[in-house]
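Colleague:
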Ligand SMILES: CSC[C@H]1O[C@@H](n2cnc3c(O)ncnc32)[C@H](O)[C@@H]1O
Ligand SMILES: [Zn+2]
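Numbering (UniProt numbering), first residue to last: 1 to 435.
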């Protein structure tokens, strides 16, 4: 066994207590072996965690990583016109090389801000998977299906591609890549396609991930045409099936009513809360406290960088706490410990990815947060600081699957300047083609 020791830090334990301890990691299995004082000092490789907090790597349970290319391209619009007038025309011009460059930029940003795992719904999945392999991160990926404006043959081709890539890439990158069938939403994918392809996802043993109840425009047509709420319709087409071995999970859920929260809890359906995107697109405020109270598994996501406009989960934690209180009109709602759980174990559970806790046997996916900064002083409560005061810039080291992805704020697996420059060039070229 070759080992990595994360030494001399304070450690955030699964019950959110803070302990002074080292974390000893088996680099071959990628697992945590021990969490105890002094156990890391004689490891083959060490990471200094003095004046720092060792916490589980954050998990971004819903994003479109390559949308970093469209960061700041179209702002201050609601979802539907933003997608139709700006984003989809630009995405129609994307090449596989653009997607690779944008995904790498997204991963650079995520690694730098302590994120070790993510869920990605986008296009050109083989290129996304190759980029993930290079970065050392872990992810659940899928080809996003949209059938609006497509003829029958093209709609089937799109859905079949989503199933095919889910089959081909599940377990890629030494098991760090998992997959899902990813229809875009209940209003942008035809009913017959959902009914035909959800069972195919079950045959492949992969979950389904999609946008649900993001805006009122996604709810009203379903209620008008079918007389049921979106989650009930989703269940009619085979989603969120409690008998399924895989946990389906939705992004947003902003306009979920009490019956839908209850249905998700009963079915074990996961929800990825994306507060910044929901605020920026004025989509609304998700009933997150009600979801937590009902026992719905809830994770946290940034959504794409074009609607956020960054991929820093520390900012997302702060937004989740703030908007959670506003939505509940209760300052005690969506409290800091709930938010830290959401961004770590909650996201890992919802996404079906390893990680999310610092304990023996868990995946060695870690973020080491420097604490010796004015905005983190005094350290009355480190869980409070993670949510209300810290930012991704405070992260010193990032470890995924036992491998150091960032040491002393230097990303080890990607050439930061080359990635940044390539993405910038491709972004400008992309939008000039789209205009
Ligand atoms: C078909 S791949 C994914 C698809 O989703 C688009 N997208 C980005 N952000 C959002 C959002 O908040 N709601 C719905 N769809 C979104 C993205 O641009 C891709 O086209
Ligand atoms: Zn999204």
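The beta-carbon is built from N, C-alpha and C at its ideal position, and this holds for glycine as well.
Do you know how far the Cα of residue 302 is from the Cα of residue 275?
Modeller: Pairing residue 275 with residue 302, the inter-Cα distance amounts to about 8 Å.
Colleague: Mapping the DSSP letters down to three states, classify residue 377 as helix, strand or coil.
Modeller: coil
Colleague: Could you tell me the distance, in whole angstroms, from the CA atom of residue 250 to the CA atom of residue 43?
Modeller: 41 Å
Colleague: With DSSP as the reference, please indicate the residues paired to residue 406 in a beta bridge.
Modeller: 398 and 411
Colleague: Helix, strand or coil for residue 73, going by three-state DSSP, please let me know.
Modeller: coil
Colleague: Considering only the alpha carbon of each residue, which of 273, 218, 311 and 152 lies closest to residue 290?
Modeller: Ranked by how close their Cα comes to the Cα of residue 290, the residues 273, 218, 311 and 152 have 273 in first place.
Colleague: Mind checking whether residue 71 and residue 434 have CB atoms under 8 Å apart?
Modeller: Between residue 71 and residue 434, the gap from beta carbon to beta carbon reaches 8 Å or more.
Colleague: Once you ignore the five residues that flank residue 382 on each side, which residues in its own chain have a CB closer than 6 Å to its CB?
Modeller: The beta carbon of residue 382 sits closer than 6 Å to the beta carbons of 18 and 53 from its chain, once the five residues preceding and following it are set aside; these are given in chain order.
Colleague: Less than 8 Å between the C-beta atoms of residue 337 and residue 69, yes or no?
Modeller: no
Colleague: Starting from residue 211, trace the beta strand (DSSP E) both ways and give me its first and last residue.
Modeller: 209-212
Colleague: Tell me whether residue 320, by its Cβ, gets closer than 7 Å to a heavy atom of ligand 2.
Modeller: no
Colleague: Can residue 304 be considered in contact with ligand 1, in the sense that its beta carbon sits closer than 7 Å to one or more heavy atoms?
Modeller: yes
Colleague: Taking the beta carbon of residue 112 as the centre, do at least 16 other beta carbons fall within 10 Å, making it buried, or is it exposed?
Modeller: buried
Colleague: So, residue 116 versus residue 355, is the Cβ gap smaller than 8 Å?
Modeller: It is a contact, given that the beta carbons lie within the stated cut-off.
Colleague: Measuring from the CB of residue 184, is there a heavy atom of ligand 1 at a distance below 7 Å?
Modeller: Between ligand 1 and residue 184, a heavy atom-to-CB distance of less than 7 Å is present.
Colleague: Between which two residues does the beta strand (DSSP E) containing residue 217 stretch?
Modeller: Looking at the DSSP string, residue 217 is not in any beta strand (DSSP E); the run it does join, the alpha helix (DSSP H), is 216-226.
Colleague: Buried or exposed, going by whether 16 or more other CB atoms sit within 10 Å of the CB of residue 10?
Modeller: buried
Colleague: Would you call the region 147-158 and the region 98-111 touching, i.e. three or more CB-CB distances under 8 Å?
Modeller: no
Colleague: Going by alpha carbons, who is nearest to residue 195 out of 237, 256 and 202?
Modeller: 237
Colleague: Taking 7 Å as the cut-off, does the CB of residue 121 come closer than this to any heavy atom belonging to ligand 1?
Modeller: yes
Colleague: With a 10 Å radius around its C-beta and 16 neighbouring C-beta atoms as the bar for buried, classify residue 393 as buried or exposed.
Modeller: exposed
Colleague: Can you determine whether any heavy atom of ligand 1 sits closer than 7 Å to the C-beta of residue 113, and answer yes or no?
Modeller: no
Colleague: For residue 419 and residue 231, I'd like the C-alpha separation in whole angstroms.
Modeller: If I take the Cα positions, the gap works out to 40 Å.
Colleague: Could you round the C-beta distance between residue 315 and residue 391 to whole angstroms and report it? I think they count as a contact, below 8 Å.
Modeller: 7 Å
Colleague: Using 10 angstroms around the beta-carbon of residue 142, count the other beta-carbons present and answer buried if the total reaches 16, otherwise exposed.
Modeller: buried
Colleague: Where does residue 409 land, buried or exposed, given buried means 16+ other C-beta within 10 angstroms?
Modeller: exposed
Colleague: Any chance the CB of residue 62 is under 7 Å from a heavy atom of ligand 2?
Modeller: It does: the Cβ of residue 62 is within 7 Å (strictly closer) of some heavy atom of ligand 2.
Colleague: Output needed for residue 309: all residues of its chain with C-beta closer than 7 Å, excluding positions within five of it in sequence on either side, in chain order.
Modeller: 71 and 72
Colleague: Check whether the region 20-31 touches the region 60-68, taking contact to mean three or more Cβ pairs, one atom from each stretch, closer than 8 Å.
Modeller: no
Colleague: Can you give the Cα-Cα distance for residue 189 and residue 183, rounded to whole angstroms?
Modeller: 6 Å
Colleague: How is the beta strand (DSSP E) around residue 60 delimited, first residue to last?
Modeller: Here the beta strand (DSSP E) through residue 60 covers 58-63.
Colleague: Does the Cβ of residue 83 lie closer than 7 Å to at least one heavy atom of ligand 1?
Modeller: yes
Colleague: Can we say the region 280-296 touches the region 323-332, given the rule of at least three CB pairs closer than 8 Å?
Modeller: yes
Colleague: Where DSSP assigns a beta bridge to residue 47, which residues make up the other side?
Modeller: 6
Colleague: Give me whichever residues DSSP pairs with residue 363 in a beta bridge.
Modeller: 31
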